[in-house]
Amino acid sequence: MKDIESSKKSKDKLVDKKAIIKLVLIFLLFYFGQLIEYIPIILFRIDINSISYSTNILLSLFSNLCILIVLLLIYRKSLKKDFSSLRKSPMKILDTSFKYYFLGLIGMVITNLLLTFIFKGGGSSNEKIVQDMIDNMPYLMILNAGIIGPIIEELVFRKPYLEAFKNKYMCIILSGVIFGFLHVITSADSFIGYMYFLPYAFLGFGFACMDYKQDNIFPSIIMHMFHNTLLVLISIL
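Be aware that the sequence shown starts at -19, since it is given in the working numbering, and climbs by one per residue.
Written out as structure tokens, the structure is:
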């Protein structure tokens, strides 16, 4: 009887049920957040059949700002605590973060190369969409994709998982895999296209590892911003 009770307690420790509910709600906010774009579309009577890339980027920026404000309000207390911890030992935290970032980046590069040479993939459809947006409004994309996007994604794909899953591997794997799939699910149109979730997943594993290791969300936010901003700048140059 004691063994059964102890096993139940150990299972409860692996997953925080309240945090799971919070995770699902935050995921739904992120996934359906694009519907916020219809607010300016309706207000300004924009024809959705002839939306330009520039207008599309501005609509995306508007919805991202709205989602970011909601997430910052939800996690305001936790973010203050994490930022205070970051200020105490920034170099130590960033040093560890760079190690995990490079491991994730290596995994991302290797899987990209394998998909390209083995399956003759032409690259992620999501990357092509982002590249088109950079070509049209490059400097606004630094703000949208380089700064705001990474903060949102870390508060959606890392923070809730750190709270919900107490098991290291469960937290890291689920965070990375779901992060990867959400980058291709709306743009992929073939099996190979869906397989490009792997490069994103490996980068997500790196972000999740650094946060889990240091029990802080800011390492992945900083590294994610660094990664995206660097890619946008390279695309511009």
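Virtual Cβ for every residue (Gly too), placed ideally from N, Cα, C.
Quick caveat, the model's predicted, so the values are computed rather than measured.
Between leucine 3 and proline 130, the C-beta gap is not smaller than 8 Å, which leaves the two residues out of contact. Among the bridge pairs identified by DSSP, phenylalanine 145 is matched with Val(-5).
Spanning the alpha carbons of phenylalanine 63 and glycine 184 requires a straight line of approximately 21 Å. Within the model, the alpha-carbon separation for isoleucine 22 versus asparagine 116 is close to 24 Å. Isoleucine 214 and methionine 113 have their alpha carbons spaced roughly 14 Å apart. Here methionine 205 is near glycine 126, since their CB atoms are less than 8 Å apart. Around the beta carbon of serine 77, a 10 Å sphere encloses 16 or more other beta carbons of the protein chains shown; the residue is thus reported as buried.
DSSP, reduced to helix, strand and coil, places serine 40 within a helical segment of the structure shown. Looking at the backbone, the Cα of leucine 45 and that of isoleucine 128 are separated by about 7 Å.
Counting only runs of 4+ residues, the alpha helix (DSSP H) found wholly inside the stretch 48 to 119 occupies 56 to 68, 70 to 98 and 105 to 116, in chain order. For threonine 166, no alpha helix (DSSP H) encloses it, and the DSSP letter there is neither H nor E. Fewer than three Cβ pairs drawn from the stretch 147 to 166 and the stretch 54 to 70 lie within less than 8 Å of each other, which leaves the two stretches out of contact.
In this structure, DSSP gives serine 32 a state outside helix and strand, which the three-state scheme calls coil. Contact between phenylalanine 171 and threonine 91 fails: their C-beta atoms lie close to 15 Å from each other, not under 8 Å. Contact check between the stretch 36 to 43 and the stretch 155 to 164: fewer than three CB pairs, one atom from each, fall below 8 Å, which does not count as touching.
Taking C-alpha positions only, tyrosine 11 is separated from isoleucine 165 by approximately 11 Å. Going by DSSP, glycine 13 is part of no alpha helix (DSSP H) at all; its letter is neither H nor E. The beta carbon of glycine 160 lies closer than 7 Å to those of Phe177, Leu178, Tyr180, Ala181 and Gly184 in the same chain, with the five residues before and after it left out.
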